[in-house]
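In case it helps, the numbering used here puts the sequence shown at residues 564 to 929. Heads up, the beta-carbon is just placed ideally off N, CA and C, and yes, glycines get one too.
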Amino acid sequence: MKPDFIQLAHPQLRQLTPYEPGGYVDAQSPTRLKVHLASNENPLGCGALAQKALRTAIDNIHRYPDGDGLRLKETIAERWAIDKEHITLGAGSNEVLCLLAQAYLGSNMSAVYAQHAFLVYALAVMTAGARSIVVPAKNWGHDLRTMAQSIAADTRLVFIANPNNPTGSYLPPSAIADFVQQVPTEVIVVLDEAYHEYVPGHNGNATLDLLKSHPNLVITRSFSKLHGLAGLRVGYAFSGLAIADILNRVRQPFNVNSVGLSVAQAAIMDEQHIANSVAFNQRGMEQLCSGLHEIGVATLPSMANFIVMEIPPPYHSLTLHQALRSAGILVRRIDVYDMPQHLRVTIGNEKENKQFLHALQKIIQS
Ligand SMILES: Cc1ncc(COP(=O)(O)O)c(C=O)c1O
564 MKPDFIQLAH PQLRQLTPYE PGGYVDAQSP TRLKVHLASN ENPLGCGALA
614 QKALRTAIDN IHRYPDGDGL RLKETIAERW AIDKEHITLG AGSNEVLCLL
664 AQAYLGSNMS AVYAQHAFLV YALAVMTAGA RSIVVPAKNW GHDLRTMAQS
714 IAADTRLVFI ANPNNPTGSY LPPSAIADFV QQVPTEVIVV LDEAYHEYVP
764 GHNGNATLDL LKSHPNLVIT RSFSKLHGLA GLRVGYAFSG LAIADILNRV
814 RQPFNVNSVG LSVAQAAIMD EQHIANSVAF NQRGMEQLCS GLHEIGVATL
864 PSMANFIVME IPPPYHSLTL HQALRSAGIL VRRIDVYDMP QHLRVTIGNE
914 KENKQFLHAL QKIIQS
């Protein structure tokens, strides 16, 4: 009899369905879609400093990267006024989330997160063989009070995405501070701030300051969103020294590639590009929201670079997604986030937003 390599894998992996990305843009394909608003990427791309760093970094791709990512850590540390020893780098912040699950979860352990929360939490928890405690959302956002009450004796991690993907909901730093205060000190709170730079007033250190009094807090950030480096896969975490030490033991020796290290270092110092991207996103958000409301489509409030729209009847997720796709426009279905009557739309550039609004109007008014 042939061996069954599905059955031979860890039992928890049999239930696992792979994460489905928003859709890959093949720039060389002649049939590629006109408008790609499915993966929360920066429509401006990366900035001038990142592009310059990229050209230099390419000359050295035959070398292994700096395994400690020291320069990038120093630059992040300087930018956010924190010691570099508190930083862990990852191949995207996804890797950091998975490292946390790998390090702190196992069978007979659990993690708490909210309904409609970023899907990678469920994947990371399941892969580690642990149990998920999913707390019903309140107004499409995290219900922190119920989340605190849902922490069980075997809970080791709590995940909070702020802003959350896909809903766009946001909690102010004071609410996070209250929450961290209520959580048992041995339970790690993972505050996922992948979209942090889009939040007005993001330059402040309100959540980072909480690290000083809460060694059980981890804050993750990404270079994929506002910095426009999704293809290079660079993310990082701020944490207390003990957690940083453990994450450093579990990560692969060269988990972040050399091009990613150099380009991310340039990107984080590019204040011009950061400011441009924030302003560009705000204008695009206004354009999309007012355009959608004009054609009678309701949206959820969002603090990030995407919005969620309610699907007008008789359409539902599959039919509207397909109709938009036929018009050359790719948006994101979020049925897997328990939101079958909504679609998520990334804020694009002015032309893309217009094309999307025009196509949507034609579909729903036909
Ligand atoms: C809430 C949230 N966290 C983390 C990530 C992971 O981003 P990356 O691995 O590209 O840094 C994403 C990506 O979509 C996200 O939406």
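message = What would DSSP say about I932, mapped onto helix, strand or coil?
response = Residue 932 cannot be examined here, being either before or after the span of the chain that is shown, 564 to 929.
query = Would P566 be called buried (16 or more neighbouring beta carbons within 10 Å of its own) or exposed?
reply = With fewer than 16 Cβ atoms within 10 Å of its Cβ, P566 is classed as exposed.
ask   = Per DSSP, what kind of secondary structure is A616 in: helix, strand or coil?
value = When DSSP states are grouped into helix, strand and coil, A616 belongs to the helix group.
inquiry  = So, with DSSP's three-state summary, where would you put F869?
reply    = In the three-state reduction of the DSSP assignment, F869 falls in the strand class, which pools E and B.
ask   = First and last residue of the beta strand (DSSP E) that includes R907?
value = H905 to T909 is the span of the beta strand (DSSP E), which, as asked, contains R907.
key: Meets three-Cβ-pair contact criterion under 8 angstroms: the segment 685 to 700 and the segment 841 to 854   = Here the segment 685 to 700 makes no contact with the segment 841 to 854; the two share fewer than three CB pairs at distances below 8 angstroms.
ask   = Among T718, K701, I910 and D706, which residue has its Cα nearest to the Cα of C852?
value = Closest by alpha carbon: I910.
query = Excluding five sequence neighbours on each side, which residues of the same chain lie with their C-beta closer than 6 angstroms to the C-beta of G803?
reply = Cβ neighbours of G803 beyond the five flanking positions: P778.
inquiry  = For a quick check, are the C-beta atoms of I714 and E756 less than 7 angstroms apart?
reply    = The answer is no: Cβ separation not under 7 angstroms.
ask   = From the DSSP output, which residues share a beta bridge with V697?
value = In DSSP, V697 forms a bridge with Y676.
message = Assess contact between the segment 870 to 880 and the segment 765 to 780, defined as three or more Cβ pairs (one per stretch) separated by less than 8 angstroms. Is contact present?
response = Taking 8 angstroms as the limit for Cβ pairs, the verdict is that the segment 765 to 780 does not touch the segment 870 to 880.
query = Can you tell me whether DSSP reads G653 as helix, strand or coil?
reply = Here G653 sits in strand by DSSP.
task = For the beta strand (DSSP E) containing V781, list its first residue and its last residue.
result = V781 -> beta strand (DSSP E) spans L780 to S785.
inquiry  = Please output, in chain order, the residues near ligand 3 using a CB cut-off of less than 6 angstroms to any non-hydrogen atom of the ligand.
reply    = This structure does not include ligand 3; its bound ligands are ligand 1.
request  = Just the C-alpha distance for A613 and S929, rounded to the nearest angstrom, thanks.
outcome  = Going from the Cα of A613 to the Cα of S929 covers about 44 angstroms.
inquiry  = Between I650, V908 and I831, which has its C-alpha nearest N603's C-alpha?
reply    = That would be V908, whose Cα lies nearest to the Cα of N603.
request  = Pull up the distance between the alpha-carbon of A687 and that of Q575, whole angstroms please.
outcome  = Near 11 angstroms, if we compare the C-alpha coordinates of Q575 and A687.
Member of V819, V894 and N916 whose CA lies at the smallest distance from the CA of L881 = Measuring from the Cα of L881, the nearest candidate turns out to be V894.
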